[in-house]
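> Below are the structure tokens for one structure; questions will follow.
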DNA sequence: CGCGATTATTTTAAGCTTAAACTATCAGCC
DNA sequence: GGCTGATAGTTTAAGCTTAAAATAATCGCG
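Residue numbers (this note's numbering), protein chains in the order written: chain A, 1 to 174; chain B, 175 to 348.
Pasting the structure below:
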């Protein structure tokens, strides 16, 4: 299987053809994805069962909780790594539910500020406590040293990915 | 235990006070999520730009590629970790696009088998080659040793999460 | 000042995703 | 043979998500 087929290396495509098969990286990526999906699905279903709240709503409230003075939609969008248009509807639903409030900035009338309401803050506090326990439970099989090591490696991966993405961008628009 | 530092339950510290603060695990989880989202979004946008295909479609085709004899929807659902109902529509679109084909099992008429068509196989082969390069590029900042280590730690995390989820299930329905 | 470029957000269309209810089929059992 | 329960998929309603186009406000610069 996968016998070393002859590869015609022209000067354009040196990086990409056969030399290495990228199998290790692909397996690592799939494993990373599996872990994330596993945790995410578990948290999603617990949030629904216990608090009748969706994961995106929880995430949004968590961001606002970290910044009590509120944030603009643009900031939220980049911190949550979701598209701008996504937030419009999500924020709308949370406003309807009385958990957050929006106000147009006076300084710049394009900007919309969003913040937790007191009731949203209280609701989030309840959820966050259990959420922390759930996460801790899911990660409980890792020792403190392993946790640290994993943190370090993921940090390195984050840096690597960002730099590869930047390089690709530079290549496209030089 | 439970060092009684005076904790004022204000909006800053709600997450972190009581029995243990779970802060390290929470940060680790957020970092894991960030890495996955970063890679996933990059791959998604490249697949769209380069092949005009969505990530879920690519993932489905990747699963079928690994199993040339085809799979049932149930197997696909559990391997892809998506809901059953999700697949119905996704498969429908790929059938319309001529990339895969469905046939009802003769042995058990509830079961639907799905497999790549020759043209789907060819299309996937093209995409997979570049996809592998992209992933390798994103992970290029990690040494071989680090890749292995990360793999090992994620494996451990996977085991930990699964066992925590099983424990929670046992607690609910004993 | 006024105009073109930029920035922040919303809108739109298409597609993805889930949970829950539903349909159809099968397997075991008397 | 005809229940009973389990299993495989589909449907439905709601919500999430994106990319791209549109709107609206601000900024920079002549």
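Beta carbons are placed, not taken as given, at the ideal position from N, Cα and C, and that holds for glycine. These figures come from a predicted structure and were not determined experimentally.
Any Cβ of chain A within less than 8 Å of the Cβ of residue 249/B?
By this cut-off, residue 249/B is not an interface position.
> Going along chain B in order, which residues have a C-beta closer than 7 Å to the C-beta of residue 163/A?
Near residue 163/A (Cβ distances below 7 Å), the residues of chain B are 315.
> Rounded to whole angstroms, what's the CA-CA distance from residue 321/B to residue 25/A? Just pull it up for me.
Answer to the nearest angstrom: the Cα atoms are 7 Å apart.
> Determine the burial state of residue 10/A: buried for a count of at least 16 other Cβ atoms within 10 Å of its Cβ, exposed for fewer.
Confidence at residue 10/A is low in this model, with a pLDDT of 37, below 50, so the placement of that residue should be treated as unreliable; the coordinate-derived value is given next. Label assigned to residue 10/A: exposed.
> Are any of the Cβ atoms in chain B nearer than 8 Å to that of residue 67/A?
With 8 Å as the cut-off, residue 67/A does not count as an interface residue toward chain B.
> Determine the chain A residues that contact residue 205/B at a beta-carbon separation under 8 Å, and present them in chain order.
What residue 205/B touches in chain A: 151, 154, 155 and 158.
> Would you verify that the beta carbon of residue 274/B is, or is not, closer than 8 Å to some beta carbon of chain A?
It does not: the Cβ of residue 274/B has no partner Cβ on chain A nearer than 8 Å.
> By a C-beta neighbour count over all protein chains shown, 10 Å radius and 16 as the cutoff for buried, is residue 339/B buried or exposed?
Residue 339/B should be labelled buried.
> If we require 3 or more residues per run, which beta strand (DSSP E) segments fall completely within the stretch 69-119 of chain A?
Segments of the beta strand (DSSP E) lying fully in the stretch 69-119 of chain A: 100-104 and 112-116.
> Write down the C-beta distance between residue 133/A and residue 239/B rounded to the nearest angstrom, noting that I regard them as a contact closer than 8 Å.
No, residue 133/A and residue 239/B are not in contact; Cβ-Cβ is about 40 Å, not under 8 Å.
> Would the beta-carbon of residue 245/B fall within 8 Å of that of residue 288/B?
Contact flag set, yes.
> Find the nearest neighbour of residue 242/B within the set 310/B, 313/B and 290/B, judged by alpha-carbon distance.
Checked all of 310/B, 313/B and 290/B; the closest Cα to residue 242/B is 290/B.
> Does DSSP put residue 170/A in a helix, a strand or coil?
Of the three classes helix, strand and coil, the one that applies to residue 170/A here is helix, per DSSP.
> Taking Cβ to Cβ, would you say residue 120/A is nearer than 8 Å to residue 149/A?
No. Outside cutoff.
> Can you look up residue 305/B in the DSSP assignment and give me helix, strand or coil?
Residue 305/B falls in the helix class under three-state DSSP.
> Which chain B residues sit within Cβ distance under 7 Å of residue 39/A?
Those are 203 and 335, listed as they occur along chain B.
> Look at residue 218/B and residue 264/B and say whether their C-beta atoms are less than 8 Å apart.
No, the pair does not count as a contact, with Cβ atoms beyond the cut-off.
> Is the Cβ-Cβ distance between residue 32/A and residue 211/B less than 8 Å?
No, the pair does not count as a contact, with Cβ atoms beyond the cut-off.
> Going by other Cβ atoms of all chains shown within 10 Å of its Cβ, with 16 needed for buried, is residue 104/A buried or exposed?
Exposed is the call here.
> State the start and end residues of the unbroken alpha helix (DSSP H) segment that holds residue 227/B.
Neither: residue 227/B is in no alpha helix (DSSP H) and is coded neither H nor E.
> Could you check whether residue 312/B and residue 160/A sit closer than 8 Å to each other, using their CB atoms as the reference points?
Yes, Cβ-Cβ distance for residue 160/A and residue 312/B is below 8 Å.
> Just checking: is the beta-carbon of residue 312/B within a distance shorter than 8 Å of some beta-carbon in chain A?
By this cut-off, residue 312/B is an interface position.
> Please confirm whether residue 259/B has its beta-carbon closer than 8 Å to some beta-carbon of chain A.
By this cut-off, residue 259/B is not an interface position.
> Does DSSP put residue 163/A in a helix, in a strand, or in coil?
Residue 163/A falls in the helix class under three-state DSSP.
> Is the beta carbon of residue 84/A less than 8 Å from the beta carbon of residue 94/A?
No. Outside cutoff.
> Mind reading off the beta-carbon distance from residue 154/A to residue 316/B? Whole number of angstroms is fine, and I expect it under 8 Å.
In fact, because the Cβ distance is near 10 Å, the residues do not count as touching under 8 Å.
> If you drop the 5 nearest sequence neighbours on each side, which residues of the same chain put their C-beta closer than 8 Å to that of residue 63/A?
Cβ within range, chain order: 71, 76, 79 and 80.
> For the stretch 285-310 of chain B, which residues have a beta carbon sitting closer than 7 Å to at least one beta carbon of chain A?
Answer set for the stretch 285-310 of chain B: 306, 307, 309 and 310.
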